[in-house]
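Colleague:
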Amino acid sequence: MLPERLRKAPTWFLVPALAVGCILAAAGFTRIHAAQQTAPPAGTPPALTPQQQLIHQGKLIFDYTPQYAAQWTGNTLTCTDCHRLSGTVDYASPMIDVAGLFPMFSKRAGHVITLQNRIQECFVRSENGKPLPADSPQMKALIAYINSLWTNGEKNKPYKYRGLEPLPQLTGNPARGKVIYAAQCAACHQADGQGIPDAYPPLWGLNSYNDGAGMVHNAKFAAWVQHNMPLQSPGLLSPQEAWDIAAYVNSQPRPHFNQTYKSY
Ligand code: HEC
Ligand code: HEC
8 MLPERLRKAP
18 TWFLVPALAV
28 GCILAAAGFT
38 RIHAAQQTAP
48 PAGTPPALTP
58 QQQLIHQGKL
68 IFDYTPQYAA
78 QWTGNTLTCT
88 DCHRLSGTVD
98 YASPMIDVAG
108 LFPMFSKRAG
118 HVITLQNRIQ
128 ECFVRSENGK
138 PLPADSPQMK
148 ALIAYINSLW
158 TNGEKNKPYK
168 YRGLEPLPQL
178 TGNPARGKVI
188 YAAQCAACHQ
198 ADGQGIPDAY
208 PPLWGLNSYN
218 DGAGMVHNAK
228 FAAWVQHNMP
238 LQSPGLLSPQ
248 EAWDIAAYVN
258 SQPRPHFNQT
268 YKSY
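In the working numbering, the protein residues as written are 8 to 271.
1. If you run the structure through DSSP and keep just helix, strand and coil, what is P262?
2. Just to check, is the beta-carbon of A226 closer than 7 Å to a non-hydrogen atom of ligand 1?
3. To the nearest angstrom, how far is the alpha carbon of Q176 from that of A229?
4. By the three-class DSSP mapping on this structure, what secondary structure does F112 have?
5. Please list the terminal residues of the continuous alpha helix (DSSP H) segment that includes V186.
6. Do G212 and P260 count as a contact pair if the criterion is CB distance below 8 Å?
7. Kindly identify the DSSP beta-bridge partner or partners of H118.
8. Roughly how many angstroms lie between the CA atoms of L149 and L122, to the nearest whole one?
9. Would you say S215 touches ligand 2, meaning its beta carbon is less than 7 Å from a heavy atom?
10. Enumerate in chain order the residues of its own chain whose CB-to-CB distance from P237 is below 7 Å, with the five nearest sequence positions on each side excluded.
11. Measuring only the C-alpha atoms, how far is I203 from W250?
12. Could you check how far apart the C-beta atoms of F264 and R115 are, in whole angstroms? I think they sit under 8 Å.
13. Apart from the five residues on each side of it in sequence, which residues of its chain come closer than 7 Å, Cβ to Cβ, to T282?
14. Helix, strand or coil, according to DSSP, for I150 in the structure here?
15. Helix, strand or coil for R38 per DSSP?
16. Comparing C-alpha positions only, which one of Q266, A99, N225 sits nearest to Q247?
17. Which same chain residues end up closer than 6 Å to G65 when comparing Cβ atoms and leaving out the 5 residues on each side of it in sequence?
18. Within 7 Å: the Cβ of M111 and any heavy atom of ligand 2?
19. Measuring alpha carbon to alpha carbon, tell me which residue in Y271, K162, S155 is nearest H63.
20. For A42, which residues of its own chain have a beta-carbon under 7 Å away from its beta-carbon, when the five flanking residues on both sides are left out?
21. Which of the three DSSP states, helix, strand or coil, is assigned to I126?
22. For T87, count neighbouring C-beta atoms within 10 Å of its own C-beta (all shown protein chains included) and say buried if the count is 16 or more, exposed if not.
23. Could you check the C-alpha separation between A206 and R183 for me, to the nearest Å?
24. Taking DSSP as the reference, what is the three-state secondary structure of Y98?
Here you go:
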């Protein structure tokens, strides 16, 4: 989903991107000069170890979930739509150092769960799909990718900006939320909440998260949105505005959670 999105992204985005591009081009230029003396013949692909290949595959599944794990997804959302920029954004529930926290006790499940179980939970709720089998190649790849973001190497030590930063507990007003949605969100996610395929993800309807997902709780939705949206200026919304939009978006229709999977 990323390349199309970049093409449609507002132009402000291009300014730093161009600057970085120039620096990279300059760096590449020097590298070519150095490379002419020592490197193997042009066109030789960089050799990835099997572990690096697995990590790469896991990142593809994370960024393009409906394509690479089609059998287990029931909507068009990718992991990276919520765990932004491949799980690297603070307070967008990043995957950084998450690997060292599992197995852990889950309040929702009422017992100790593995990282595989936690991923399955997002498959059956946020992805409105089916539990990705723990021994599947896709699960192994996702685990390898998340493990590659375990940077502190310490068991049970969470990353400083893990999860979501809770907002004060307020009451959202859906009528006010509708007005703010039209002004701040509809340009990308559209007035009907369906987004634009391969560019902006849907916020409700058949291709959205189901009513068993974390985002259905207004406190989580508001916390996520206040820190991450609108895309071009996160932090713009007041906590009250974020709660109002949460109340509006979560009052719209969405798929029902399949109770067969309630142990996840
Ligand atoms: C609709 C949004 C959404 C999508 C899509 C989504 N998740 Fe999540 N995920 C969440 C939320 C919300 C949480 C809980 C954050 C919190 O409460 O701290 C979460 C939590 C997690 C956690 C636990 C993080 C922690 O710090 O303990 C993992 C692991 C995870 N998700 C993996 C995935 C994977 C892998 C995918 C794709 C297959 C995915 N998620 C898709 C919203 C989403
Ligand atoms: C400039 C376009 C743009 C605007 C404006 C925007 N979003 Fe988003 N939104 C995105 C993109 C792109 C993503 C996917 C995450 C990413 O790429 O970082 C996203 C992801 C999301 C998600 C998580 C994925 C999903 O579909 O459930 C939610 C929730 C969300 N936006 C809500 C909002 C709300 C509420 C507003 C208004 C306050 C808003 N967005 C404004 C582009 C936008």
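A virtual CB, placed ideally from N, CA and C, is assigned to each residue, including glycine. Source: prediction; values computed, not measured.
Modeller: On the basis of the coordinates in this document:
1. coil
2. no
3. 10 Å
4. strand
5. 181-191
6. yes
7. According to DSSP, H118 bridges with S113.
8. Those two C-alpha atoms are separated by around 10 Å.
9. yes
10. Around P237: Q191, C192, L243.
11. 24 Å
12. The pair is not a contact, with the Cβ atoms about 12 Å apart (cut-off 8 Å).
13. A query on residue 282 cannot be resolved here, the shown segment of the chain reaching from 8 to 271 and no further.
14. helix
15. Any answer about R38 is weak, because its pLDDT of 40 lies below 50 and its placement is not dependable; what the coordinates show is given next. If DSSP states are grouped into helix, strand and coil, R38 belongs with the helices.
16. That would be N225, whose Cα lies nearest to the Cα of Q247.
17. The beta carbon of G65 lies closer than 6 Å to those of A148, L149, A151, Y152 in the same chain, with the five residues before and after it left out.
18. no
19. S155
20. Its pLDDT being 40, under 50, A42 is placed unreliably by the model, and nothing is read from it.
21. helix
22. Buried: at least 16 other Cβ atoms inside 10 Å.
23. Our two residues, A206 and R183, have alpha carbons roughly 27 Å apart in a direct line.
24. Coil.
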